[in-house]
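Under the numbering used here, think of the first position of the sequence shown as 161, with each following residue one higher.
All residues carry an ideal CB built from backbone N, CA and C; glycine is no exception.
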Amino acid sequence: GATRTMSYTVIGKGVNLAARLCSQAKGGEILLAPNTFLGVRERVDARVVGESRIKGLSQPVWVYRLREIF
């Protein structure tokens, strides 16, 4: 390969949470984790789905469903 090619990898709780939320989402649905929602709450309309137990995490997580982006 090229000498200037870079490869990136992500690991950790955030990646696990994102993967689990993706697997829970229905077609066309976007689910947000609490930290993501807090970061975009001024620019989106999202509703609480409820708490969800996420495999690999010890505490339940509040999940939000994105409804609209402003």
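- Note that the C-beta distance between Leu-181 and Val-204 is not below 8 Å.
- When secondary structure is reduced to three states using DSSP, Val-223 falls in the strand class.
- Taking C-beta separations shorter than 7 Å and ignoring five residues to either side along the sequence, the partners of Lys-215 in its chain run Arg-180, following chain order.
- Beta-bridge partners assigned by DSSP to Glu-228: Asp-205.
- DSSP links Leu-191 through a beta bridge to Arg-225.
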